[in-house]
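Each remark here refers to the structure printed beneath this line.
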Amino acid sequence: MNSDAHISQRINTIIIVGGGTAGWMTAATLAKVLGNDKYSIQLIESDAIGTIGVGEATIPHIGVFNKILGIDEQDFMRSTQATFKLGIEFINWGNVGESYIHPFGSYGVNIDSLHFYNYFLKMSKQGGNYNPEDYSVGALAARNNKFMHPLNITRSPLGNIKYAYHFDAGLYAKYLRNYAENKGVGRIEGKITRVKLQEDNGFIDSVLLEDGRVYSGDLFIDCSGFRGILIEEALGTGYEDWSNLLPCDSAIAVPTANIHPPKPYTRSVAQKAGWQWHIPLQHRTGNGHVYSSRFMCDEQARQILLNNVEGGLLAEPRVVRFKTGMRRKFWNKNCVAVGLSSGFIEPLESTSIHLIQTSIKKLLEFFPGKYFNQGNIDAYNEILQRNLLFIRDFIVLHYKATHRQDSAFWNYCRTMPIPDSLEKRIDLYRQEGKIYHDSNELFSEDSWFAVMQGQGLESNNHHPLVDVLSEQQLRNFFSEIKSVVANSVNAMPTHADYIANYCAQ
Ligand SMILES: Cc1cc2nc3c(=O)[nH]c(=O)nc-3n(C[C@H](O)[C@H](O)[C@H](O)COP(=O)(O)OP(=O)(O)OC[C@H]3O[C@@H](n4cnc5c(N)ncnc54)[C@H](O)[C@@H]3O)c2cc1C
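When you read off a place in the sequence shown, starting at 1, and then add 21, the result is the number in my numbering.
Written as structure tokens, this is what we have:
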């Protein structure tokens, strides 16, 4: 193909529908990567409809996203009232009264190709009080409210600090809007009331606003939230419902004033029919109670939320409904769904913003020409779907691996049928003490171990190669790692001091 033919096949106009976190993350990245001389990028959002207004906890990959955009961390943290996040504390999940931290980063030190958890499973069976958190710099620092950036040294836990952020989602969208508009993205305010399809192939032709304005495009990116006004309402793509596996379908959220210095981790406290989040920001705490309306009414959920927040309310509690699941295709014809329009697992492990990031990355990898090759679209859908199913299984594990018998909700979760893919992982861990892991999945062996061990899943065996080391050698190995991790955490500043020096408003 000569270069003129190539140019004529190039997409010219990209219309992004929606200005929430998904819309502005997409707009900012496309503006940065594609530039504004060859592509026209327009974002349409409705002030009257607004955004979902939740989604404030992230995982470490967000740092890569910000770096790609060339965002300065201190400026970003000041502008979004951000704090650092080292992981999530899960309280009352295995049993009422229990707590564990799922930290970012790894545990201990791997020996040759064997993960540390293999040695841990043997040692914890030998008696003695072994706690995985003593071997993770992230978990121990979180417990002690400490934080610092990783040092540039490999053979120390201080070189292995993995972190993400808590931020104000509204401020983050505003920050990215500013970034994208400066790079030439056009913002159109208005409500879309009709979507016109092309007669011959059913592709999206244009969107019509309430006031009569019409916008045509080659590629449409649906960031319109749960409704999916392009991918679902216009194209009827379909939704795979996961509410039998992830029965929570509602959340009630409220911000409160800070009364303690912000903790460097999210807290997730299991309640009778769901769980409650506490997300500490610099200027306030985000709280929310995620619950299943099959097992609890809104008023009861509201009372539980209000009984378990600290600090004065800064707004009226607000209910958000959702349906866990995924769109049957994320990319259909000339429309790509990004963000909540593509599906929603549930917020337990803060994966939604990461999935927005993944969708954008894959969209760039499989960026189409005007002819929209179907193989290209299929490849995109297949890869994203696989990613999502791995994450779904990991989230379902938290509900399935409970021992709680104190409510109908937990009895349901404990006994519900689960996908074979997850059943096999649980069986392998129980029978062999091994963790199945696919190299393409988001959560590492250490993450699976954190939840399986933290919620008291028993393994009956350990990896045979662990026995190459004598028990005395293992005891020495464990005590050395424990003391190095403790000394490292002792040397770290408090999270509050670190924020005050690094990025306070
Ligand atoms: C309870 C809850 C807690 C969550 N917590 C987390 C978390 O801690 N971490 C995380 O990563 N994710 C979390 N999420 C997910 C996260 O909130 C979303 O992934 C993120 O906010 C992106 O949302 P969005 O941009 O897709 O949709 P929205 O924020 O809903 O934005 C939709 C946009 O589309 C526009 N729009 C809609 N219809 C029209 C129309 N007809 N015309 C014009 N414009 C229109 C709206 O105006 C808005 O701008 C949570 C979600 C829920 C429900």
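Glycine is no exception: its CB is placed at the ideal position from the N, C-alpha and C atoms.
Quiz item: Does the Cβ of residue 178 lie closer than 7 angstroms to at least one heavy atom of ligand 1?
Solution: It does not: the Cβ of residue 178 is nowhere closer than 7 angstroms to a heavy atom of ligand 1.
Quiz item: Is the beta carbon of residue 38 sitting closer than 8 angstroms to the one on residue 245?
Solution: A contact, by the Cβ cut-off of 8 angstroms.
Quiz item: Per the contact definition of three or more C-beta pairs closer than 8 angstroms, is the segment 109–123 in contact with the segment 464–482?
Solution: Short answer: they touch.
Quiz prompt | Residues that residue 308 bridges to, as DSSP identifies them | solution = As a beta-bridge residue in DSSP terms, residue 308 pairs with 275 and 299.
Quiz item: Where are the beta strand (DSSP E) runs, 3 residues long or more, that stay fully inside the segment 138–190, in chain order?
Solution: Residue ranges of uninterrupted beta strand (DSSP E) with 3 or more members, entirely inside the segment 138–190 and ordered along the chain, are 185–187.
Practice problem: Report whether the distance from the Cβ of residue 330 to the nearest heavy atom of ligand 1 is below 7 angstroms. | Solution: It does not: the Cβ of residue 330 is nowhere closer than 7 angstroms to a heavy atom of ligand 1.
Practice problem: With distances taken Cα to Cα, identify the nearest neighbour of residue 453 among 399, 466, 485 and 163. | Solution: The shortest Cα separation from residue 453 among 399, 466, 485 and 163 belongs to 485.
Quiz item: residue 537: which of 51, 45, 40 and 42 sits nearest, CA to CA?
Solution: Any question about residue 537 goes unanswered here, given that the chain covers just 22 to 526.
Exercise. Leaving aside the five residues before and after residue 347 along the sequence, list all residues of the same chain whose C-beta is less than 6 angstroms from its C-beta, in chain order.
Key: For residue 347, where only same-chain residues beyond five positions count, the Cβ hits under 6 angstroms are 261, 364 and 409.
Quiz item: Do you know whose CA, among 103, 181 and 132, lies nearest residue 495's CA?
Solution: Considering only alpha carbons, the answer is 132.
Exercise. State the start and end residues of the unbroken beta strand (DSSP E) segment that holds residue 401.
Key: First-last for residue 401: 395–421, but that is the alpha helix (DSSP H), not the beta strand (DSSP E).
Quiz item: Does the Cβ of residue 171 lie closer than 7 angstroms to at least one heavy atom of ligand 1?
Solution: For residue 171, the distance from the CB to the nearest heavy atom of ligand 1 is not below 7 angstroms.
Quiz item: Quick one: Cα of residue 301 to Cα of residue 102, how far?
Solution: When rounded, the distance between both Cα atoms is 10 angstroms.
Quiz item: For residue 356, which beta-bridge partners are listed by DSSP?
Solution: DSSP lists 241 and 353 as the bridge partner or partners of residue 356.
Quiz item: Any contact of the segment 338–356 with the segment 228–236, i.e. 3+ C-beta pairs under 8 angstroms?
Solution: Verdict: no, contact absent.
Quiz item: Is there at least one non-hydrogen atom of ligand 1 closer than 7 angstroms to the beta-carbon of residue 66?
Solution: Taking the Cβ of residue 66 as the reference point, at least one heavy atom of ligand 1 falls within a distance shorter than 7 angstroms.
Quiz item: Cα separation between residue 96 and residue 524?
Solution: Using only the alpha carbons, I get a separation of about 7 angstroms.
Practice problem: Going by DSSP, name the residue or residues bridged to residue 347. | Solution: The partner list for residue 347 (beta bridge, DSSP) reads 261 and 364.
Quiz item: Among 65, 198 and 254, which residue has its Cα nearest to the Cα of residue 216?
Solution: Per the Cα distances, 254.
Practice problem: Check residue 510 in the structure and name its three-state DSSP category. | Solution: Assigned with DSSP and collapsed to three states, residue 510 falls in helix.
Quiz item: From the DSSP output, which residues share a beta bridge with residue 207?
Solution: Partner(s): 63.
Practice problem: Measuring alpha carbon to alpha carbon, tell me which of 430, 284, 457 and 221 ends up nearest residue 318. | Solution: Checked all of 430, 284, 457 and 221; the closest Cα to residue 318 is 430.
Quiz item: Mapping DSSP to helix, strand and coil, what is residue 123?
Solution: Correct three-state label for residue 123: strand.
Quiz item: Got a sec? Which residues, its chain only, sit under 7 angstroms from residue 315 by beta carbon, not counting five neighbours each side?
Solution: Cβ contact annotation for residue 315 (same chain, cutoff 7 angstroms, sequence separation greater than five): 268, in chain order.
Quiz prompt | Alpha-carbon spacing of residue 339 relative to residue 138, whole angstroms | solution = One C-alpha to the other measures close to 41 angstroms.
Practice problem: For residue 111, write down the residues that DSSP places opposite it in a beta bridge. | Solution: Answer is 121 and 289.
Quiz item: For residue 465, which residues of its own chain have a beta-carbon under 8 angstroms away from its beta-carbon, when the five flanking residues on both sides are left out?
Solution: Residues 127 and 458 of the same chain have their beta carbon placed closer than 8 angstroms to that of residue 465, with the five preceding and five following residues left out of the count.
Self-check item: Own chain residues within Cβ distance below 6 angstroms of residue 145, not counting five before or after
Solution: Result list for residue 145: 151, in chain order.
Quiz item: Can the beta-carbon of residue 373 be found closer than 8 angstroms to that of residue 249?
Solution: Cβ atoms of residue 373 and residue 249: not closer than 8 angstroms.
Quiz item: What separation, rounded to the nearest whole angstrom, lies between the Cα atoms of residue 437 and residue 445?
Solution: About 15 angstroms.
Quiz item: Going along the chain, which residues of its own chain have a beta-carbon closer than 6 angstroms to the beta-carbon of residue 398, five neighbours each way excluded?
Solution: The beta carbon of residue 398 is closer than 6 angstroms to those of 352 in its chain, skipping five residues each way along the sequence.
Quiz prompt | Simplified DSSP assignment, three categories, for residue 523 | solution = Correct three-state label for residue 523: helix.
Quiz item: residue 104 bridges to which residues according to DSSP?
Solution: Paired residues: 187.
Practice problem: Give me the Cα-Cα distance between residue 507 and residue 387, rounded to the nearest whole angstrom. | Solution: Distance from the CA of residue 507 to the CA of residue 387, rounded to the nearest whole angstrom, comes to 46 angstroms.
Self-check item: Own chain, CB closer than 6 angstroms to residue 415, minus 5 neighbours either side, in chain order
Solution: Here the set comprises 464.
Practice problem: Go ahead and pull the three-state DSSP assignment for residue 226. | Solution: Looking at residue 226 - three-state DSSP - the assignment turns out to be strand.
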